[in-house]
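Chemist: The structure under discussion is supplied below as C-alpha cells; questions concerning it will follow.
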Amino acid sequence: MLVIANANILNEAGELQLADLWIENGQINKIVPAGSEPAGTAEVCDVQGKFVSAGFIDMHVHLREPGFEHKETIATGTRSAAKGGFTTIACMPNTRPVLGTPETIRSIYDKAETEGIVKVLPYASITVNELGRELTDFAALKEAGAIGFTDDGVGVQNAQVMKDAMSLAKELDMPVIAHCEDDSLVKGRAVTEGEFARKHGLKGIPNESEAIHVGRDILLAEATGVHYHVCHVSTEQSIRLIRQAKQLGIRVTAEVCPHHLLLSDEDIPGMDSNWKMNPPLRSPRDVAACIEGLEDGTIDILVTDHAPHSEEEKAKGMELAPFGIVGLETAFPLLYTRFVATGKWTLSFLIRRMTTDPANVFGLAAGRLEPGAPADITVIDLEAEQEVNPEEFLSKGRNTPFTGWKLKGWPVMTLVDGRIVWSKS
Ligand SMILES: [Zn+2]
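Counting from 1, position 243 in the sequence shown corresponds to residue 247 in this note's numbering; the numbering is continuous, with no gaps.
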C-alpha cells in the first residue's frame with residue numbers, strides 16, 4: 005500500500021483540492037481528503053501540495069526502434085516520456101522494419117515490457133512498408149495488439165487504397181490515423197509557403213497539401229463509417245473541414261501539437277533545422293485557427309509528434325535535414341506556461357485534452373484519477389521556473405526550437421501502475 009499524500013488534485017468542478025491517493029496492487033484504491041485517514045503501515049509519499057494528475061497520454065510518438073536506434077530507443081523514449089509526465093504513449097510504425105506484421109507489433113510490446121518504463125501502444129502501418137500500395141493484414145495486426153492503422157510519415161496517396169483501408173478497419177472496429185499530405189504539392193520543400201519562405205527564396209509547402217487529404221479522407225470516412233483520426237493538424241483549412249464534418253456527424257477526430265499552437269513561420273530565426281518539422285510551422289493565422297479548434301473541440305487531443313534525430317542529421321541544415329523535433333519533455337510546461345499561467349485556459353481544460361480526451365477517443369483504460377483506475381500518475385511543480393536545456397533531456401534527441409525558454413509546470417515524479425518510474429533527482 006502506498007499513499008500519495010497532500011496531492012493537489014482537480015475535483016469534478018475543476019477546482020484544486022488537497023487529497024490523499026491510496027494505491028494498492030497498481031490501482032488507485034481510494035481518494036480521500038488530505039489527512040482524513042491515518043496511513044498506518046502504508047508507505048507515504050508526501051508531495052506537499054504539488055499538483056497531481058492522471059498520467060498524460062501521447063498518441064503520437066516516434067520511438068525509432070527498431071532500425072533507428074541512433075535517434076531513440078524504447079528505453080530512452082519511454083524515459084523521456086516519463087520525465088515529461090506521460091504514462092501512456094502510442095508509437096508510430098515508420099521504423100525499419102516498418103511495424104506492419106504481427107511479429108513486429110509483438111516485439112514492441114516485448115521490448116516495452118523489458119526495457120520501457122511507461123506503457124507503449126503500437127500502431128501498425130496501413131500499407132506494406134508504408135509504400136501506399138498493398139494493405140497489411142489488419143485482422144492479424146489487431147490480434148497482435150495494434151491499436152490502429154497509420155502510414156504516419158507519409159500520406160496515403162491513392163484514394164482507393166485509403167478507401168479499402170477504411171472499409172476493412174471499419175469491419176474490425178479499428179481507427180485509421182492519417183498523416184495528411186499530398187506528395188505532388190510538397191516535393192523537396194522544407195518550410196511552409198509564406199513569409200519565411202519568401203524571405204529566403206524557398207519554395208514552400210502550401211496549406212492545401214494537408215487539407216486536400218483531410219477533405220478527401222472525410223468523404224471516404226463518411227462513405228465507410230470508419231473512425232478517422234487526423235494527425236498533427238496545422239492549417240486553418242483542415243480545421244474548417246473537420247469542423248464541418250463533425251457537424252454532419254461524420255466520425256472524425258483530430259490532434260494538434262504544442263509547436264503548432266505556439267510558433268508560426270514568422271518566429272523561425274534563420275536557416276536552423278531545429279525549426280523544421282512536418283507539417284511545418286504555418287502562418288500566425290493558422291496558429292490562431294489551431295488554438296480556436298482545440299478550444300471549441302474541433303480538435304480533440306494534444307500530442308507531441310516527438311520526432312528525435314541525431315545531431316549529425318539535424319546539422320545538415322534547413323533544406324537537407326530530416327523533419328521533426330522532440331516534444332515529450334517540454335509539452336506540458338510549454339502549454340501550461342503559455343495558456344494556463346496566462347489565464348487563457350483553465351488547468352482542467354489542458355489536463356482533459358492530455359488525459360481523458362485521448363483515452364476516450366481511442367478507448368483506453370487510462371487518463372483518470374479515480375478508484376479502480378490504474379495508478380498512472382504524474383506529479384507536477386506548477387510554480388518552479390526553469391529553462392529548457394536540451395542537454396538535460398532523457399531523449400537521445402536534442403532537436404528542439406525551445407532551447408532557453410523559461411517555463412513553469414515541470415513534472416517532478418511519474419508513477420506507472422503505482423510504481424515510481426521517474427522522479428526529479
Ligand atoms: Zn506525421
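Note that CB positions come from ideal geometry on N, CA and C, so glycine has one too.
Since the structure is predicted, the reported quantities are computational estimates derived from the model, not experimental observations.
So VAL383 and VAL420 are in contact, right, with Cβ under 8 Å, and what is the actual spacing, rounded?
Modeler: As a working mapping, residue 383 is identified with position 379 in the sequence shown. As a working mapping, residue 420 is identified with position 416 in the sequence shown. Actually they are not in contact, since the Cβ atoms of VAL383 and VAL420 sit about 13 Å apart, beyond 8 Å.
Chemist: If you draw a straight line from the alpha carbon of ALA325 to that of ALA319, how long is it in whole angstroms?
Modeler: By one-based count along the sequence shown, residue 325 stands at place 321. By one-based count along the sequence shown, residue 319 stands at place 315. Using only the alpha carbons, I get a separation of about 7 Å.
Chemist: Run the Cβ filter for me: residues under 6 Å from any heavy atom of ligand 1, listed in the order they occur in the chain.
Modeler: Those residues are ASP156, GLY157, HIS183, CYS235, HIS236, given in chain order.
Chemist: Have a look at LEU224, GLU212, SER188, PRO273 and flag the residue whose alpha-carbon is nearest the alpha-carbon of ASP168.
Modeler: Translated into the one-based positions of the sequence shown, residue 168 becomes position 164. When each option's Cα is compared against that of ASP168, the closest is LEU224.
Chemist: Please list the terminal residues of the continuous alpha helix (DSSP H) segment that includes PHE142.
Modeler: Locating residue 142 in the sequence shown gives position 138, where the first residue counts as 1. Note, PHE142: alpha helix (DSSP H), 142 to 148.
Chemist: Per DSSP, what kind of secondary structure is LYS250 in: helix, strand or coil?
Modeler: Your numbering for residue 250 matches position 246 in the sequence shown. Helix at LYS250.
Chemist: Please report the distance separating the alpha-carbon of ALA201 from that of MET275.
Modeler: Start at 1 with the first residue of the sequence shown, and residue 201 comes out as number 197. Start at 1 with the first residue of the sequence shown, and residue 275 comes out as number 271. Cα-Cα distance, rounded: 10 Å.
Chemist: Jot down the residue ranges of each uninterrupted beta strand (DSSP E) in the segment 190 to 234, minimum 3 residues, whole runs only, in chain order.
Modeler: As far as the segment 190 to 234 is concerned, its whole beta strand (DSSP E) runs of at least 3 residues are 232 to 234.
Chemist: Figure out for me which residue from GLN390, GLU396, THR404, VAL180 has the closest Cα to the Cα of LYS410.
Modeler: The residue given as residue 410 occupies position 406 in the sequence shown. Per the Cα distances, GLN390.
Chemist: Given this structure, state the Cα-to-Cα distance separating VAL122 from ARG220, to the nearest angstrom.
Modeler: Translated into the one-based positions of the sequence shown, residue 122 becomes position 118. Translated into the one-based positions of the sequence shown, residue 220 becomes position 216. Each residue's alpha carbon lies about 36 Å from the other.
Chemist: Quick check on the burial criterion: 16 or more other C-beta atoms within 10 angstroms. Buried or exposed for ARG357?
Modeler: As a first step, residue 357 must be located in the sequence shown, where it is residue number 353. The residue in question, ARG357, is buried, as its Cβ has 16 or more Cβ neighbours within 10 Å.
Chemist: Could you pull the start and end residues of the beta strand (DSSP E) that ALA94 belongs to?
Modeler: As a first step, residue 94 is located in the sequence shown; it is residue number 90 there, counting from the start. Counting along the chain, the beta strand (DSSP E) containing ALA94 begins and ends at 90 to 95.
Chemist: Report the residue from SER352, ASP177, SER57 whose alpha carbon sits nearest the alpha carbon of THR228.
Modeler: Here residue 228 corresponds to residue number 224 of the sequence shown, with the count starting at 1. Measuring from the Cα of THR228, the nearest candidate turns out to be ASP177.
Chemist: Determine the DSSP secondary structure at SER427, reduced to helix, strand or coil.
Modeler: Translated into positions along the sequence shown, residue 427 becomes position 423. SER427: strand per DSSP, three-state reduction.
Chemist: Taking C-alpha atoms, which residue in ASP385, HIS310, ILE181 lies nearest to PHE397?
Modeler: As a working mapping, residue 397 is identified with position 393 in the sequence shown. The option with the nearest alpha carbon to PHE397 is HIS310.
Chemist: Rounded to whole angstroms, what is the Cα-Cα separation between TYR232 and PRO126?
Modeler: For the purposes of this step, residue 232 is identified with residue 228 of the sequence shown, where counting begins at 1. For the purposes of this step, residue 126 is identified with residue 122 of the sequence shown, where counting begins at 1. The alpha-carbon atoms of TYR232 and PRO126 are separated by roughly 17 Å.
Chemist: On the DSSP bridge list, what partners appear for SER40?
Modeler: Indexing the sequence shown from 1 puts residue 40 at position 36. Paired residue(s): none; SER40 is not in a bridge.
Chemist: Would a C-beta distance cut-off of 8 Å place VAL22 and GLY44 closer than the cut-off?
Modeler: What you label residue 22 is simply residue 18 of the sequence shown in a count that begins at 1. What you label residue 44 is simply residue 40 of the sequence shown in a count that begins at 1. The sequence shown places Leu at residue 22, not Val. Taking 8 Å as the Cβ cut-off, LEU22 and GLY44 do not qualify as a contacting pair.
Chemist: How is the beta strand (DSSP E) around PHE55 delimited, first residue to last?
Modeler: Numbered from 1 along the sequence shown, position 51 holds the residue referred to as residue 55. Unbroken beta strand (DSSP E) run through PHE55: 55 to 58.
Chemist: Are the beta-carbon atoms of VAL307 and ASP62 separated by less than 8 Å?
Modeler: Along the sequence shown, one-based indexing puts residue 307 at 303. Along the sequence shown, one-based indexing puts residue 62 at 58. Their beta carbons are under 8 Å apart, which means VAL307 touches ASP62 by this criterion.
Chemist: Below 7 Å, is the gap between the Cβ of ARG423 and the nearest heavy atom of ligand 3?
Modeler: Among the ligands present in this structure, namely ligand 1, ligand 3 is not found.
Chemist: Am I right that VAL3 and LEU354 are in contact with their C-beta atoms under 8 Å? What's the rounded C-beta distance?
Modeler: There is no way to answer for residue 3, as the model of the chain reaches only from 5 to 429.
Chemist: Evaluate HIS74 with the Cβ neighbour count: other Cβ atoms within 10 Å of its Cβ, from every protein chain shown; 16 or more gives buried, anything less gives exposed.
Modeler: Translated into the one-based positions of the sequence shown, residue 74 becomes position 70. With fewer than 16 other Cβ atoms within 10 Å, it is exposed.
Chemist: State the Cα-Cα distance for the pair ILE243 and CYS294, rounded to the nearest angstrom.
Modeler: Residue numbering aside, residue 243 sits at position 239 when the sequence shown is read from its first letter. Residue numbering aside, residue 294 sits at position 290 when the sequence shown is read from its first letter. Those two C-alpha atoms are separated by around 7 Å.
Chemist: For chain C, is any of its Cβ atoms less than 8 Å away from the one on VAL420?
Modeler: Protein chain content of the structure displayed is limited to a single chain, and chain C is not contained in it.
Chemist: Using 8 Å as the Cβ pair cut-off and three pairs as the minimum, do the segment 64 to 81 and the segment 95 to 108 touch?
Modeler: Judged by Cβ distances under 8 Å, the segment 64 to 81 makes contact with the segment 95 to 108, as three or more pairs qualify.
Chemist: Please say whether LEU6 and SER352 have beta carbons closer to each other than 8 Å?
Modeler: What you label residue 352 is simply residue 348 of the sequence shown in a count that begins at 1. What you label residue 6 is simply residue 2 of the sequence shown in a count that begins at 1. Their beta carbons are not under 8 Å apart, which means SER352 does not touch LEU6 by this criterion.
Chemist: Taking the beta carbon of LYS191 as the centre, do at least 16 other beta carbons fall within 10 Å, making it buried, or is it exposed?
Modeler: By one-based count along the sequence shown, residue 191 stands at place 187. Exposed: under 16 other Cβ atoms inside 10 Å.
Chemist: Which word fits ALA17, buried or exposed, when buried means at least 16 other C-beta atoms lie within 10 angstroms of its C-beta?
Modeler: As a position in the sequence shown, residue 17 is number 13, starting the count at 1. With fewer than 16 other Cβ atoms within 10 Å, it is exposed.
Chemist: For the beta strand (DSSP E) that LYS400 lies in, which residues bound it at each end?
Modeler: One-based indexing of the sequence shown puts residue 400 at position 396. Segment: none, LYS400 is in no beta strand (DSSP E) and carries neither H nor E.
Chemist: Considering only DSSP beta bridges, list what GLN31 is partnered with.
Modeler: Walking along the sequence shown from the start, residue 31 turns up at place 27. In DSSP, GLN31 forms a bridge with GLU28, PRO378.
Chemist: Do HIS236 and PRO283 come within 8 Å of each other at the CB atom, strictly closer than that value?
Modeler: By one-based count along the sequence shown, residue 283 stands at place 279. By one-based count along the sequence shown, residue 236 stands at place 232. A contact, by the Cβ cut-off of 8 Å.
Chemist: I think ILE329 touches PRO394, with their Cβ atoms under 8 Å apart; what is that distance to the nearest whole Å?
Modeler: Within the sequence shown, the letter at position 325 stands for residue 329. Within the sequence shown, the letter at position 390 stands for residue 394. 10 Å between Cβ atoms; not a contact.
Chemist: Could you pull the start and end residues of the beta strand (DSSP E) that PRO284 belongs to?
Modeler: Counting from one through the sequence shown, the residue named residue 284 turns up at place 280. No beta strand (DSSP E) holds PRO284; DSSP gives it neither H nor E.
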